[in-house]
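First comes the structure, then the notes that go with it.
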Amino acid sequence: MPGAAASGAAGAAAAVRPPLVAHLVDSLDSADAENGLLNLIRHLPPERYRHTILCLRDQGEYEAGLREQGVEILKLHQRSEGALHGLANALRLYRVLRRLQPDLIHTRNRSGLPAQLVAALAGVRLRVHAEHGRDLSTPARASRRGRLLRRLLRPLVDHYIAVSGELEEWLVEAIGAEPARVSQIPNAVDSVQFHPRLGPAAAVGPPGFMHDGVFVIGSVGRMEDSAGHLTLVDAFLRLIASPHQAHQRLRLMIVGDGPARSECQAMLNRAGAGARAWLPGARADTAQLLRAMDLFVSPSLREDRANPILEAMASGLPVVATAVGCNAELVHAGFTGILVPPLSAELLAAAVSDYCRIPEMAARHGARARSQVIARHSMPAMARDYLAVYDALTGADTADAARREP
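Residues 1 to 406 (the numbering used here) make up the sequence shown, in order.
Okay, structure coming up:
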């Protein structure tokens, strides 16, 4: 019966679903790694892989964008640290993975490491772990524990992804990962969404914040790193207190939320500079706000802040960044920006002053920054690299399963 045979074949084809990738993230309230995940899923062909996001915490400003892509988001409601809470968290994740039965789990950074063991116990055959950066403010003892945990769990990880050459070298040299099991995949940015302003800057912020002739120093990212953001505020206050006329047109915009936000606002208010700064918290219109800036500053002590830097570069902004992690691979000193030591308000202020006083240099470095992003950090290229890692693992797994069949 040809008709029945054709119908059966069609039904079998429809029953073959793309492999499911479970992405474990800490939260969806960050403009950094998690926004990069949104961009990645948008650029991966939906007929090749399905995606589910397991969110350890509840916050989620990027949740709506992911759901628009048809991505299921499961909140694990992770509780605070402690042996009992840790066991409860692991059991909750174990049950979710047993129910989902993903083909591959993709964890990220230190917070995702324990999930590698849980996934192995839950029968998830393929396991990928990505390192997006390290926190240089982490105490030495905690840093040693992190390295030990990574080394202990190394046999469970099928493949590593590092977003920079420095992290790739660290995984091989410090963690002991086999070089063949590590792929360097740089972060990428949507250069269509993030582009230079085409006319006068938009009148953002409260009344009086923006007007003709102001020079806006901007920063974007979760404000967890109080030391770094307070250094930026300190540098800003030094500049506006100086007698140089160009510094009187400075404005400060810090986009993002976190523990450091209230500290920074209080510091500005104590100095009487509250009207010259705007700290709006987390925003969904980052691209528009970047186009209102004249200079981007990344004062962080963390290494996983590449996405905001790339978005700023795509927006045609010069960048002043701390010389940590992959920042030196993104910001070419004297060509697209300036690198400064962490926690040096004096040198940070000097770098900002150079751009404020020499607008031609700011325009030149900003144009070069955008050209660099378009040439080296395109979304299609990043998606192809991730697809190659997933394909290599799922293809090998399928072949192994076929060989085991009687």
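Beta carbons are placed, not taken as given, at the ideal position from N, Cα and C, and that holds for glycine. Note that the structure is predicted; figures quoted are calculated from it, not measured.
For residue 219, name the three-state secondary structure that DSSP assigns.
Taking the first residue of the sequence shown as 1, we reach residue 219 at position 219. Reduced to three states, the DSSP call for residue 219 is strand.
With a Cβ-Cβ cutoff of 8 Å, do residue 26 and residue 74 count as a contact?
Taking the sequence shown and counting its residues from 1, one reaches residue 26 at position 26. Taking the sequence shown and counting its residues from 1, one reaches residue 74 at position 74. Contact flag unset, no.
Among the residues of its own chain, which have a CB less than 6 Å from the CB of residue 122, if the five just before and after it don't count?
The sequence position of residue 122 within the sequence shown is 122, counting from 1. Hits under 6 Å: 94, 97 and 98.
Bridge-paired residues (DSSP) for residue 332
Taking the first residue of the sequence shown as 1, we reach residue 332 at position 332. For residue 332, which the question treats as bridged, DSSP gives no partner whatsoever.
Report all residues from its chain with a CB closer than 6 Å to the CB of residue 356; omit the five preceding and five following residues, and keep chain order.
The residue labelled residue 356 in the question sits at position 356 within the sequence shown. Cβ within range, chain order: 215 and 246.
Sheet register partners of residue 297 (DSSP bridge)
As a position in the sequence shown, residue 297 is number 297, starting the count at 1. As DSSP reads the structure, residue 297 sits in a beta bridge with 320.
Residue 292 in three-state terms, based on DSSP
Taking the sequence shown and counting its residues from 1, the one referred to as residue 292 is at position 292. Here DSSP, grouped into helix, strand and coil, assigns residue 292 to coil.
Smallest Cα separation from residue 310: which of 189, 276 and 67?
Walking along the sequence shown from the start, residue 310 turns up at place 310. The shortest Cα separation from residue 310 among 189, 276 and 67 belongs to 189.
Among 248, 170 and 233, which one has its Cα closest to the Cα of residue 489?
One cannot answer for residue 489 here, as it falls past the ends of the chain, which runs 1 to 406.
Residue environment, residue 374, which counts as buried when at least 16 other CB atoms sit within 10 Å:
As a working note, residue 374 is residue 374 in the sequence shown. So residue 374 ends up on the exposed side.
If you draw a straight line from the alpha carbon of residue 107 to that of residue 211, how long is it in whole angstroms?
Taking the sequence shown and counting its residues from 1, one reaches residue 107 at position 107. Taking the sequence shown and counting its residues from 1, one reaches residue 211 at position 211. Each residue's Cα considered, the two are about 45 Å apart.
For a minimum of 3 consecutive residues, which ranges assigned as the beta strand (DSSP E) are wholly contained in the region 84 to 126?
You should have 104 to 108.
Could you give the DSSP three-state label for residue 73: helix, strand or coil?
In the sequence shown, the residue the question calls residue 73 occupies position 73. Residue 73: strand per DSSP, three-state reduction.
Return the CA-CA distance between residue 330 and residue 349, expressed in angstroms with no decimal places.
On the sequence shown, residue 330 is found 330 positions in, with the first residue counted as 1. On the sequence shown, residue 349 is found 349 positions in, with the first residue counted as 1. Going from the Cα of residue 330 to the Cα of residue 349 covers about 21 Å.
Rounded to whole angstroms, how far is the Cβ of residue 278 from the Cβ of residue 194, which I believe are closer than 8 Å?
Numbered from 1 along the sequence shown, position 278 holds the residue referred to as residue 278. Numbered from 1 along the sequence shown, position 194 holds the residue referred to as residue 194. Rounded, the Cβ-Cβ distance is 20 Å, inconsistent with contact.
Under the rule that 16 or more other beta-carbon atoms within 10 Å means buried, what is residue 84, buried or exposed?
Residue 84 sits at position 84 when you count from the first residue of the sequence shown. Its pLDDT being 48, under 50, residue 84 is placed unreliably by the model, and nothing is read from it.
Any heavy atom of the ligand NAD closer than 7 Å to the Cβ of residue 225?
For the structure depicted, the ligand NAD is absent and the ligand set is empty, with no information on it obtainable.
Could you give the DSSP three-state label for residue 197: helix, strand or coil?
Taking the sequence shown and counting its residues from 1, one reaches residue 197 at position 197. In the structure shown, residue 197 sits in coil (DSSP, three-state: anything other than H, G, I, E or B).
Residue 245 (DSSP reduced to helix, strand or coil):
Against the sequence shown, residue 245 aligns to sequence position 245. In the structure shown, residue 245 sits in a helix (DSSP, three-state: H, G or I).
Below 8 Å between beta carbons: does that hold for residue 219 and residue 186?
On the sequence shown, residue 219 is found 219 positions in, with the first residue counted as 1. On the sequence shown, residue 186 is found 186 positions in, with the first residue counted as 1. No, the Cβ-Cβ distance between residue 219 and residue 186 is not below 8 Å.
So the candidates are 393, 213, 151 and 104; which of them puts its Cα closest to the Cα of residue 110?
For the purposes of this step, residue 110 is taken as the residue at position 110 of the sequence shown. Nearest option by C-alpha distance: 151.
For residue 174 and residue 147, what's the separation of their Cα atoms in angstroms?
On the sequence shown, residue 174 is found 174 positions in, with the first residue counted as 1. On the sequence shown, residue 147 is found 147 positions in, with the first residue counted as 1. Their Cα atoms are separated by approximately 8 Å.
Close-in-space but distant-in-sequence residues of the same chain around residue 228 (CB under 6 Å, 5 per side omitted):
Indexing the sequence shown from 1 puts residue 228 at position 228. Hits under 6 Å: 299, 300 and 301.
Residue 103 to residue 41, Cα distance in whole Å?
Residue mapping note: residue 103 aligns to position 103 of the sequence shown, counting from 1. Residue mapping note: residue 41 aligns to position 41 of the sequence shown, counting from 1. Distance between the alpha carbons of residue 103 and residue 41: 16 Å.
So, is residue 77 buried or exposed, given that buried needs 16 or more other C-beta atoms within 10 angstroms?
The count along the sequence shown starts at 1 and reaches residue 77 at position 77. So residue 77 counts as exposed.
Beta-bridge partners of residue 54, as assigned by DSSP:
Here residue 54 corresponds to residue number 54 of the sequence shown, with the count starting at 1. BP columns for residue 54 point to 24 and 74.
How big is the Cα-Cα spacing for residue 288 and residue 202?
The residue labelled residue 288 in the question sits at position 288 within the sequence shown. The residue labelled residue 202 in the question sits at position 202 within the sequence shown. Taking the straight line from one Cα to the other gives about 8 Å.
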